[in-house]
Structures are given as C-alpha cells and as structure tokens.
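Q: As you go down the protein sequences, you meet chains R and B in turn. Note that UniProt numbering has the first sequence beginning at 1, numbered continuously upward. Note that UniProt numbering has the second sequence beginning at 1, numbered continuously upward. C-beta atoms are modelled at their ideal positions from N, C-alpha and C, and glycine is treated no differently.
2 protein chains.
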Amino acid sequence: MKSKESQTVIDPTTEEKIRIAARKVFTQKGYGAARTRDIAQEAGINIALLNYYFRSKEKLFEIIMLESMQGFIHSISGVLNDEQTSLQEKIQILVSNYIDMLTIQPNLPLFVLSELRSNPQELILKLNFKEKLIHSHFFVQLQQAIQEGKIPPIHPLHFIMNIMGMIIFPFIGSPILKNIGDLEEKTFNELMQQRKILIPKWIEAMMNVK
Amino acid sequence: MKSKESQTVIDPTTEEKIRIAARKVFTQKGYGAARTRDIAQEAGINIALLNYYFRSKEKLFEIIMLESMQGFIHSISGVLNDEQTSLQEKIQILVSNYIDMLTIQPNLPLFVLSELRSNPQELILKLNFKEKLIHSHFFVQLQQAIQEGKIPPIHPLHFIMNIMGMIIFPFIGSPILKNIGDLEEKTFNELMQQRKILIPKWIEAMMNVK
DNA sequence: GTCTATATACGGATAGAC
DNA sequence: GTCTATCCGTATATAGAC
Chain R
1 MKSKESQTVI DPTTEEKIRI AARKVFTQKG YGAARTRDIA QEAGINIALL NYYFRSKEKL
61 FEIIMLESMQ GFIHSISGVL NDEQTSLQEK IQILVSNYID MLTIQPNLPL FVLSELRSNP
121 QELILKLNFK EKLIHSHFFV QLQQAIQEGK IPPIHPLHFI MNIMGMIIFP FIGSPILKNI
181 GDLEEKTFNE LMQQRKILIP KWIEAMMNVK
Chain B
1 MKSKESQTVI DPTTEEKIRI AARKVFTQKG YGAARTRDIA QEAGINIALL NYYFRSKEKL
61 FEIIMLESMQ GFIHSISGVL NDEQTSLQEK IQILVSNYID MLTIQPNLPL FVLSELRSNP
121 QELILKLNFK EKLIHSHFFV QLQQAIQEGK IPPIHPLHFI MNIMGMIIFP FIGSPILKNI
181 GDLEEKTFNE LMQQRKILIP KWIEAMMNVK
C-alpha cells in the first residue's frame, strides 16, 4: 500500500494536480480572467472537486500566489545573504539564476505585478519583502560601497530598479521584442543567455558613472 | 447655440466621458476584470448608453487600446526620426519624454503588456511596431555605431531592452519598489525625475563596455 | 474522494418608454 | 440621447448520489 509520500513522487495527488493547473491558468490569464472551469479541465477533474479541496477560487488563488512569491523569495534570499561573496559576485549569480527561472516561467513577473496592483498592500506586507531585502547582506554591501565612495551616492533603489529592469523587462515585453527583432523563441532565449554575462558587466560600468 | 466643437472644450461629450472612464477602468483592471458597470458609473451614465455609443465592451476596448498605443507611438516616433539629433541626444529626449508620460499614466505599460500577451499577434501587427522602429533614424544610427565599432557588436535589441527596462520597469514594479524603499508617491516621482538625467549617463557607460 | 445536477449570482446586452 | 427594466448566457459554488 502506497504512502502519501511516495504518491507525491510517482503520481501527483489530486490536490497537487489542481495546484499545478491553477498556477498555469492563473499565470497565463490573471485572477479576473481565469475560469475555474479551465483550471478543472487542465487538471483533469471537475469544478466540484476543485471546491472540495480549496473551498473557492479566491482561496485557491491566494495559495498559488503565496507559493509563487515565496518560491521566488526563497530562491534569491540565499544568494543575497551569502556572506562569502562580493557584491559583484552576488549580482552575477542573481542575474544568472533569475534569467534561468524566468526562461522556465516567463509569465510569472507579469502575473505577480498585475495582481499586486489590484491587491496592493496585503500580499506585499504579508511577505515582508522590504525587511528581507533591507536586512540582507547584499543591501549592506551596497550601502557600504556607496559610503566608501566606490559607487555614486544615489538612492540604492536606483540600482535595484536597473538590475530588475534589465533582467525582468525582456520577459514582460517579449511579445513586442520578439516582433521587433523577428525572433523565434529559441533565438530569444539565446539572447537571454547572453544577458547573463552582459548585465553584470553593464551594471559594473554604471556603478562607475559619477 | 453651442457647436459640437466648442462642447468638446467646455464640457466633454457623453462619448468622450465614456472614453475617459473606459481608459481609466481598463488600464487599472485589464480587459477581463473590467466591468462595463464600473465604466458606466465612472462616466456618470448607464450601461445601455455605453452600448448605444460603442455597441459592446469589446469594441470599446479595441478603440481604447488602439488610441493608447497610437498616442504612445506618435509621441516617440517624432523623436526617433529627427535627423538633426545624435544618438545620445535622442536617448536623452526619449528618456525624458517617456518618464514624463509614465508619471502621468503610470498604469499604461502594465495594461498594454498584459493585454498583448492575451491578444498576441493582432494588435502588434496592426500597429506595425517593427517597421516603424527598424526604419527609424534612431535604429540606423544605432546600427551604424555598432558597425563603426563605437558600440560593442551585440544584438541591437539588447540596448532597446535596457533602455526600455530602465525606464518602464520602475513604474510596473512601483508597488514593490515603494514598499522596499518606504517611498511616498512624491518621493517616488522625485526618483523618476532623477532618472531622466541618470539613465542616459548609464546607457552611455554601458555602450563603452566591451 | 469524485461525480452529476442544480442553485445562485453576476455581467453583458437589448427592448422599449420617455 | 438617455433612462429603467429585463433577458440570457456564463461562472462560481453547493447538494446529494455513488
């Protein structure tokens, strides 16, 4: 007789099948446009069962959203808090990991950012994004570099905006960018791979601008 | 007796009131989550009248979307095709104009980019984005600079991505960024004003990276 | 746990009076 | 042109059988 543990490896639980389907549909369409019918169909079950497990579309959504963001935060907080690496090394690793993640889940940023606008405070506060970043080793190093005059004395948020913008924007804007550059999915991904090396160099160059 | 022309100045036509309301609601919520009831209420009229003028939610949406994107394209194509300005000058003006526009309409990019994902081909092709950019004086200058070795020989799209990312991302990510940086609307906008000067410098620095 | 059938609510659109 | 009242399809959620 199978234990619940082994089932999760061999064959997804019904609950997991729903989770997976929900993540897919929600990230593609957003909360408002997603239909529980689509999720149920994608999971190979029916709406009644979906509600049996998750009570409502809204509850299901909250769980998926929280999971997505926690997964993201978890994946970067290790890098941000590694006391053995320099600022430059952290940026390199961050850029590389992030681009790999987005190559697999290119719709995630637009989904998260869209929903954050509707829900503003709640989720952001719950995840305590701010404290996690500000108290990270990365942020300390960044401020230190500014104080030591190694980096121009501008608001540290400018650097965060630039790094995130250069990494995330291509994925958010991919429909336009692919059109402009006549790119297939494959070529687009090759450009993203190039950016793993290029972005850290660009950021370094920026940091020397006075 | 007022002519229709003078009415549009003194007091918006009903049709215009609906347009304005629709733009507001659509950009805030996206097509799927926007309710015609909300639009009607925002415009101070009722659904019947909305359908009287625009036949359906979908038709109204198409008009708003087209207007938004045409307005945007029109506002930058002048800059991109000014044969009197250098590449650097174009970037300066572009960044400045763009940031001013987004300060007024901060929700526009997320709206457009979200909808483009659902509708992929249709709108992008209709607007002929690609041809307009590729045949612009800006793009010619960019490629020329690469050929002359003034800029590293990477895909020109990388620069487009960087410029757009640095300008647009802060607005798209503003809920998170404001939270991280403990920023009020006013302080956020001050940072955006700073970026009008900073971004062109950063781009110049990047372009010298080999 | 999982299904079918159904209640209930909501949203877009129209009919028809003024 | 503008309104009120209403229709009808669709979406979420639940009841109840298996």
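Who are the near neighbours of Q143(B) in its chain, counting only those whose CB is closer than 7 Å to its CB and skipping five residues on each side?
A: For the purposes of this step, residue 143(B) is taken as the residue at position 143 of the second sequence. The answer, listed in chain order, is P156.
Q: Between R117(B) and chain R, is the shortest Cβ-Cβ distance under 8 Å, so that the two count as touching?
A: Locating residue 117(B) in the second sequence gives position 117, where the first residue counts as 1. Interface residue, yes.
Q: Would you decide whether Q92(B) is buried or exposed? Buried here means 16 or more other CB atoms lie within 10 Å of its CB.
A: If you number the second sequence from 1, residue 92(B) lands on position 92. With 16 or more Cβ atoms within 10 Å of its Cβ, Q92(B) is classed as buried.
Q: What in chain R is Cβ-close to S114(B), meaning under 8 Å?
A: Numbered from 1 along the second sequence, position 114 holds the residue referred to as residue 114(B). The contacting residues are G30, L110 and S114.
Q: Checking contacts by CB at 8 Å: is V209(B) closer than that to chain R?
A: Residue mapping note: residue 209(B) aligns to position 209 of the second sequence, counting from 1. Output row for V209(B): interface = yes.
Q: I'd like the list of long-range same chain contacts for S6(B), defined as Cβ closer than 7 Å, with 5 residues on each side in sequence excluded.
A: Position 6 of the second sequence, counted from the start, is the residue given in the question as residue 6(B). Confidence at S6(B) is low in this model, with a pLDDT of 45, below 50, so its placement is unreliable and the value that follows should be read with caution. Here the set comprises nothing.
Q: Looking at C-alpha atoms only, which residue of I176(R), E42(R), N128(R) and N107(R) is the closest neighbour of S77(R)?
A: Along the first sequence, one-based indexing puts residue 77(R) at 77. Ranking the options by Cα distance to S77(R), first place goes to N128(R).
Q: Can you give me the Cβ contacts of L94(R) inside the same chain, cut-off strictly under 7 Å, excluding the 5 residues immediately before and after it?
A: To locate residue 94(R), count along the first sequence from 1; it is residue 94. The answer, listed in chain order, is I76 and V79.
Q: Which residue comes first and which comes last in the alpha helix (DSSP H) that contains N162(R)?
A: The residue labelled residue 162(R) in the question sits at position 162 within the first sequence. N162(R) -> alpha helix (DSSP H) spans P156 to I172.
Q: Do you know offhand how far R55(R)'s Cα is from Y31(R)'s?
A: Numbered from 1 along the first sequence, position 55 holds the residue referred to as residue 55(R). Numbered from 1 along the first sequence, position 31 holds the residue referred to as residue 31(R). For R55(R) and Y31(R), the distance between alpha carbons rounds to 16 Å.
Q: Between the segment 176-199 of chain B and chain R, which residues of the former have CB atoms less than 8 Å from a CB of the latter, in chain order?
A: The residues in question are I176, L177, N179, I180, G181, D182, L183, L191, Q194, R195 and L198.
Q: May I ask which residues mark the beginning and end of the alpha helix (DSSP H) holding T13(B)?
A: On the second sequence, residue 13(B) is found 13 positions in, with the first residue counted as 1. Segment: none, T13(B) is in no alpha helix (DSSP H) and carries neither H nor E.
Q: Considering Cα atoms alone, identify which of I63(B), A145(B), D82(B) and M206(B) is closest to A22(B).
A: By one-based count along the second sequence, residue 22(B) stands at place 22. When each option's Cα is compared against that of A22(B), the closest is I63(B).
Q: Helix, strand or coil for K178(B), going by three-state DSSP, please let me know.
A: On the second sequence, residue 178(B) is found 178 positions in, with the first residue counted as 1. Three-state result, K178(B): helix.
Q: Residues of the segment 73-103 of chain B in Cβ contact with chain R at a cutoff of 8 Å, in chain order, please.
A: Under the 8 Å Cβ criterion, the segment 73-103 of chain B contributes no residue.
Q: Using the rule of at least 16 other Cβ atoms within 10 Å of the residue's Cβ for burial, across every protein chain shown, is P153(R) buried or exposed?
A: The residue you call residue 153(R) lines up with position 153 of the first sequence. By the neighbour-count rule (16 or more Cβ atoms within 10 Å), P153(R) is not buried but exposed.
Q: Alpha carbon to alpha carbon, how far is K150(B) from I203(R)? Give it in angstroms, no decimals.
A: By 1-based counting over the first sequence, the position of residue 203(R) is 203. By 1-based counting over the second sequence, the position of residue 150(B) is 150. About 19 Å.
Q: Nearest to Q194(R) by alpha carbon, out of A145(R), N162(R) and I99(R)?
A: Reading the first sequence from its first residue, position 194 is the one you call residue 194(R). When only C-alpha atoms are compared, the closest one is I99(R).
Q: Quick check: what's the CA-CA separation for residue 231(R) versus I18(R)?
A: This structure leaves residue 231(R) out entirely; chain R is present only between 1 and 210.
Q: Measure the Cβ-Cβ separation of L110(B) and L102(B) and say whether it is below 8 Å.
A: As a working mapping, residue 110(B) is identified with position 110 in the second sequence. As a working mapping, residue 102(B) is identified with position 102 in the second sequence. No. Outside cutoff.
Q: Which residues in chain R sit within 8 Å of A33(B), going by Cβ to Cβ distance?
A: Along the second sequence, read from residue 1 onward, the residue named residue 33(B) stands at position 33. Simply G30, Y31, G32, A33 and S118.
Q: The ligand ZN heavy atoms versus the CB of D38(B): any closer than 7 Å?
A: For the structure depicted, the ligand ZN is absent and the ligand set is empty, with no information on it obtainable.
Q: Would N179(R) and K130(B) be called neighbours here (beta carbons separated by less than 8 Å)?
A: In the first sequence, residue 179(R) corresponds to position 179, counting from 1. In the second sequence, residue 130(B) corresponds to position 130, counting from 1. Closer than 8 Å, so yes.
Q: When you compare only the Cα positions, how much space is there between K196(R) and S174(B)?
A: For the purposes of this step, residue 196(R) is taken as the residue at position 196 of the first sequence. For the purposes of this step, residue 174(B) is taken as the residue at position 174 of the second sequence. Between K196(R) and S174(B), the C-alpha separation is close to 24 Å.
Q: Going by DSSP in three states, P106(B) sits in which element: helix, strand or coil?
A: Sequence index remark: in the second sequence, residue 106(B) carries index 106 (1-based). Here P106(B) sits in coil by DSSP.
Q: Going along the chain, which unbroken runs of the alpha helix (DSSP H) with 4 or more residues stay wholly within the segment 13-61 of chain R?
A: Those alpha helix (DSSP H) runs which fall completely within the segment 13-61 of chain R and span 4+ residues are 14-33, 36-43 and 47-54.
Q: My understanding is that L177(B) touches M166(R), with C-beta atoms under 8 Å, so please give their C-beta distance in whole angstroms.
A: Along the second sequence, read from residue 1 onward, the residue named residue 177(B) stands at position 177. Along the first sequence, read from residue 1 onward, the residue named residue 166(R) stands at position 166. L177(B) to M166(R), Cβ: 15 Å. No contact.
Q: Strictly under 8 Å for the Cβ-Cβ distance: is K24(B) near chain R by that measure?
A: The count along the second sequence starts at 1 and reaches residue 24(B) at position 24. False, the Cβ-Cβ gap to chain R never drops below 8 Å.
Q: According to the neighbour-count rule (16 or more other Cβ atoms, all chains shown, within 10 Å of its Cβ), is S3(B) buried or exposed?
A: For the purposes of this step, residue 3(B) is taken as residue 3 along the second sequence, with counting starting at 1. Unreliable positioning characterises S3(B) in this predicted model, as indicated by a pLDDT of 43, which lies under 50. The coordinate reading is nonetheless provided below. Classification of S3(B): exposed, given that the 10 Å Cβ count is below 16.
Q: Tell me the residue span of the alpha helix (DSSP H) that contains H135(B).
A: By 1-based counting over the second sequence, the position of residue 135(B) is 135. Careful: H135(B) lies outside any alpha helix (DSSP H) and carries neither H nor E.
Q: Please state if the CB of D82(B) and the CB of H135(B) are separated by a distance shorter than 8 Å.
A: The residue labelled residue 135(B) in the question sits at position 135 within the second sequence. The residue labelled residue 82(B) in the question sits at position 82 within the second sequence. Contact flag unset, no.
Q: Among I172(R), I39(R), R35(R) and T13(R), which residue has its Cα nearest to the Cα of L116(B)?
A: For this step, residue 116(B) is matched to residue 116 along the second sequence. Among I172(R), I39(R), R35(R) and T13(R), the Cα nearest to that of L116(B) is on I172(R).
Q: Which same chain residues, not among the five before or five after K57(B), have their C-beta less than 6 Å away from its C-beta?
A: Residue mapping note: residue 57(B) aligns to position 57 of the second sequence, counting from 1. Contacts found: T36.
Q: DSSP three-state call for M206(R): helix, strand or coil?
A: Reading the first sequence from its first residue, position 206 is the one you call residue 206(R). Three-state result, M206(R): helix.
Q: Against chain B, with Cβ distances strictly below 8 Å, would T8(R) count as a contact?
A: Residue numbering aside, residue 8(R) sits at position 8 when the first sequence is read from its first letter. Confidence is the limiting factor: at T8(R) the pLDDT is only 46, short of 50, which leaves the residue's position unreliable, though a coordinate-based value still follows. Not an interface residue.
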